[in-house]
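Read top to bottom, the protein sequences are chains A and B.
Per UniProt numbering, the very first residue in the first sequence carries number 1; after that it's consecutive.
Per UniProt numbering, the very first residue in the second sequence carries number 1; after that it's consecutive.
Heads up, the beta-carbon is just placed ideally off N, CA and C, and yes, glycines get one too.
2 protein chains.
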Amino acid sequence: MPYSSFASMPCTLSRPAALLGERWTLLLLRQIFLGTRRFEDFQATMDISRSVLTDRLNVLLQENVLKRVPYHEDGRTRHEYRLTEKGRDLYPVLMALRTWGERWMAPEEEESFQLHHRDCGGGVRAKVECTECAAELTARDVQVTARA
Amino acid sequence: MPYSSFASMPCTLSRPAALLGERWTLLLLRQIFLGTRRFEDFQATMDISRSVLTDRLNVLLQENVLKRVPYHEDGRTRHEYRLTEKGRDLYPVLMALRTWGERWMAPEEEESFQLHHRDCGGGVRAKVECTECAAELTARDVQVTARA
DNA sequence: TCCCTTGCGTTCGTTTTTCGAACTCAGCTA
DNA sequence: TAGCTGAGTTCGAAAAACGAACGCAAGGGA
Numbered sequence: 001m002p003y004s005s006f007a008s009m010p011c012t013l014s015r016p017a018a019l020l021g022e023r024w025t026l027l028l029l030r031q032i033f034l035g036t037r038r039f040e041d042f043q044a045t046m047d048i049s050r051s052v053l054t055d056r057l058n059v060l061l062q063e064n065v066l067k068r069v070p071y072h073e074d075g076r077t078r079h080e081y082r083l084t085e086k087g088r089d090l091y092p093v094l095m096a097l098r099t100w101g102e103r104w105m106a107p108e109e110e111e112s113f114q115l116h117h118r119d120c121g122g123g124v125r126a127k128v129e130c131t132e133c134a135a136e137l138t139a140r141d142v143q144v145t146a147r148a
Numbered sequence: 001m002p003y004s005s006f007a008s009m010p011c012t013l014s015r016p017a018a019l020l021g022e023r024w025t026l027l028l029l030r031q032i033f034l035g036t037r038r039f040e041d042f043q044a045t046m047d048i049s050r051s052v053l054t055d056r057l058n059v060l061l062q063e064n065v066l067k068r069v070p071y072h073e074d075g076r077t078r079h080e081y082r083l084t085e086k087g088r089d090l091y092p093v094l095m096a097l098r099t100w101g102e103r104w105m106a107p108e109e110e111e112s113f114q115l116h117h118r119d120c121g122g123g124v125r126a127k128v129e130c131t132e133c134a135a136e137l138t139a140r141d142v143q144v145t146a147r148a
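This is how it looks when you write it as structure tokens:
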């Protein structure tokens, strides 16, 4: 079972994990959520090799996480990479990573950017909750059952 | 800037993203949250090569996400891999992946396991909320500012 | 005691990925 | 026509992953 076969497992956790678990993919998504949209800018800010960048962008296009959108600059038509709705919906994944990073990987130093709720200025955090009673859940509060 | 240098970037999103963005690491964590604890069981259920499994387990031990715990079986002392508090706190990351997978990568088929809140039987989902007003947030509701 | 089994890795030669520098190409611009 | 720029593509070298075989310590049984 090669790594790639997880992409077709009947598990709604395995497939996203296999997709985002490829090298560079999470870092690429971070950059996109921070506003980067062009090939050259990804390449410059992340210092990823151009061939791997091409590959990762293509995978995300194929998965419909990103879309290519034409735009004009200096009278020329070019394309930029933007999140689809499916892509934007990955926000909780990135925020969960950051919430964890804030708690467990921030020794003294501060974060390189800050996030605030536009409406009230509050902070941002990811959490897991019950769809019925809205209680916040940890792994211990959740029962796992194999599907029938 | 090699991939590994993201592990020391002053960004609380980059570092977790680089750590969990290595191949197999997210899938390994999924398996751990599902209850797998021993080398042989990881190897058998994921079909990962033994050398890479050794490496990934060691990285997670070093990062203090996992710990080795001795246990007895057949009168012999062995060790198993278990989550630390830091590791357990990754639960929202995995649940965010799953919530996304349920919405965007579950065509007709069902998930391979189900999750329920032990207390009330409700479903489980990840979300992002404001630490002040508790509103649920999307990327559009959040303002990013570079640190001073 | 000697041999077998088990769990947990380690080694090593082969195949994939990644790297990085150079190259290509299309569409302006001078 | 020549040059520039953004967006890739190509290709040889280096790193990572693969997988089959090997190592090893701790029992158990003969």
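By Cβ distance, which residues of its chain are closer than 6 angstroms to residue i, with the 5 residues on each side in sequence left out?
| i | result |
| --- | --- |
| B:Leu28 | Arg56 |
| B:Thr99 | Arg125, Ala126 |
| residue 160 of chain B | Only positions 1 to 148 of chain B appear in the structure, and residue 160 of chain B is not among them; the question remains open. |
| A:Gln114 | none |
| B:Ile48 | Trp24 |
| A:His79 | Arg68, Pro70 |
| B:Tyr3 | none |
Have a look at the options and flag the residue whose alpha-carbon is nearest the alpha-carbon of residue i.
| i | options | result |
| --- | --- | --- |
| B:Cys120 | A:Ala135, A:Met9, A:Trp104 | A:Ala135 |
| B:Val128 | B:Ala146, B:Pro92, B:Thr145 | B:Pro92 |
| B:Gly87 | A:Arg140, A:Pro2, A:Ile32 | A:Arg140 |
| A:Met105 | B:Thr12, B:Pro2, B:Ser5, B:Met1 | B:Thr12 |
| A:Gln143 | B:Thr138, B:Ser112, B:His116, B:Arg103 | B:His116 |
| B:Gly122 | A:Gly123, A:Ser8, A:Leu137 | A:Leu137 |
| A:Glu73 | A:Phe6, A:Arg38, A:Arg103, A:Gly101 | A:Arg38 |
| B:Asp89 | A:Asp89, A:Arg103, A:Leu90 | A:Arg103 |
What is the DSSP secondary structure of residue i, counted as helix, strand or coil?
| i | result |
| --- | --- |
| A:Arg15 | helix |
| A:Ala126 | strand |
| A:Leu94 | helix |
| A:Ala146 | strand |
| B:Val65 | coil |
| B:Glu136 | strand |
| A:Glu85 | helix |
| A:Thr131 | coil |
Short of 8 angstroms in beta carbon distance, which residues of its chain neighbour residue i, apart from the five on each side in sequence? Order them along the chain.
| i | result |
| --- | --- |
| B:Glu132 | none |
Could you tell me if residue i is buried or exposed, where buried requires 16 or more neighbouring beta carbons within 10 angstroms of its beta carbon?
| i | result |
| --- | --- |
| A:Gln62 | exposed |
| A:Glu40 | exposed |
| B:Arg15 | buried |
| A:Glu22 | buried |
| residue 155 of chain B | For chain B, the structure presents residues 1 to 148; residue 155 of chain B sits outside this window and is missing. |
| B:Met1 | exposed |
| B:Thr145 | exposed |
| B:Thr77 | exposed |
| B:Ala44 | exposed |
| B:Gly75 | exposed |
| A:Thr36 | buried |
Assuming residue i and residue j make a contact with CB atoms under 8 angstroms, what is their CB distance in whole Å?
| i | j | result |
| --- | --- | --- |
| B:Leu26 | A:Leu20 | 7 angstroms |
| B:Leu66 | B:Tyr81 | 5 angstroms |
| residue 175 of chain B | B:Thr84 | Limits of chain B in this structure are 1 at one end and 148 at the other, which puts residue 175 of chain B out of reach. |
| A:Arg147 | B:Ser112 | 6 angstroms |
| A:Phe42 | A:Leu53 | 6 angstroms |
Closer than 7 angstroms by C-beta to residue i: which residues in its own chain qualify, once you throw out the five before and the five after it? Chain order, please.
| i | result |
| --- | --- |
| A:Pro107 | none |
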